[in-house]
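J.: My questions all concern the structure below.
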Amino acid sequence: MTTLEVLLITPFVLWFTLAGVMLVHLFVAQTVAASAAREAARALAVYHDGALARNKAREVIAGTLPVTNSNGQSSQVINSPPPPPGSGGGQLAISGSPAPVKNYPGPFDPVTDVMLYDDGIHATAIVTYHAENLCPGLPALIQPGASPWSKWIDIPARAVFKREFTN
1305 MTTLEVLLIT PFVLWFTLAG VMLVHLFVAQ TVAASAAREA ARALAVYHDG
1355 ALARNKAREV IAGTLPVTNS NGQSSQVINS PPPPPGSGGG QLAISGSPAP
1405 VKNYPGPFDP VTDVMLYDDG IHATAIVTYH AENLCPGLPA LIQPGASPWS
1455 KWIDIPARAV FKREFTN
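In terms of this note's numbering, the sequence shown opens at residue 1305 and continues consecutively.
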């Protein structure tokens, strides 16, 4: 191979390698976020405690992925039905305008990234993990409408449990 061929091919090889590593990281983050949402929804359904549910989500995510060091506690539970899955409550959506730049303090903060809903029958947890992007252009391929230079890729997960009633 000539020097010119190496110079032309190397950036593509590096990008595909980095994109492959990022896709594996995103798959792991999606699996962990789903587990965190399931544990948070279960804790809310059984114990009816928002702070405990957020701590369960943080424990699950912190066991595998980096989290923000936050001392904030919140026991807020929204006493209404959650938004439907296709309504943008943690779902991807295509829009005509570019997405706003997202500046998160870190990849996961239980106070802001765990939404808890309790409508009296079902307990729902929506957990969002923000994976830091290392590969230029990848967010635009994964999330339509996202900037190709976005620093974060949002990974939402949702779980619903039937609420257990205690006497």
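Every residue, glycine too, gets a C-beta built ideally from N, C-alpha and C.
Please read these numbers as outputs of a predicted model, since none were measured by experiment.
(1) Measure how close the beta-carbons of Val-1371 and Pro-1409 come, nearest whole angstrom, since I'm counting them as under 8 angstroms.
(2) So, with DSSP's three-state summary, where would you put Met-1305?
(3) What is the rounded straight-line gap between the Cα of Trp-1456 and the Cα of Gly-1441?
(4) What's the C-alpha gap between Gln-1447 and Glu-1363?
(5) Compare the beta carbon distance of Ser-1429 and Ala-1463 with 9 angstroms and say whether it is the shorter of the two.
(6) If you draw a straight line from the C-alpha of Pro-1460 to the C-alpha of Arg-1358, how long is it?
(7) Between the alpha carbons of Val-1325 and Ala-1349, how many angstroms are there, rounded?
(8) Given a threshold of 16 other Cβ atoms within 10 Å of its Cβ, counted over all protein chains shown, does Ala-1424 qualify as buried or as exposed?
(9) I need the boundaries of the beta strand (DSSP E) containing Asp-1353, first residue and last residue.
(10) Starting from the Cα of Arg-1342, find the closest Cα among Met-1419, Ala-1444 and Asn-1437 and give me that residue.
T.: Reading from the atomic positions:
(1) Contact flag wrong, Cβ pair sits at about 11 angstroms.
(2) Reduced to three states, the DSSP call for Met-1305 is coil.
(3) C-alpha separation (whole angstroms): 12 angstroms.
(4) Looking at the two C-alpha atoms, the distance is approximately 27 angstroms.
(5) Per the sequence presented here, residue 1429 reads as Ala, with Ser not at that position. Yes, these two residues count as a Cβ contact at 9 angstroms.
(6) C-alpha separation (whole angstroms): 15 angstroms.
(7) Per the coordinates, the alpha-carbon of Val-1325 lies some 36 angstroms from the alpha-carbon of Ala-1349.
(8) The sequence shown places Gly at residue 1424, rather than the Ala named in the question. Only exposed fits Gly-1424, as fewer than 16 other CB atoms lie within 10 angstroms of its CB.
(9) Bounds of any beta strand (DSSP E) do not take in Asp-1353, whose DSSP letter is neither H nor E.
(10) Arg-1342 has its Cα closest to that of Met-1419, out of Met-1419, Ala-1444 and Asn-1437.
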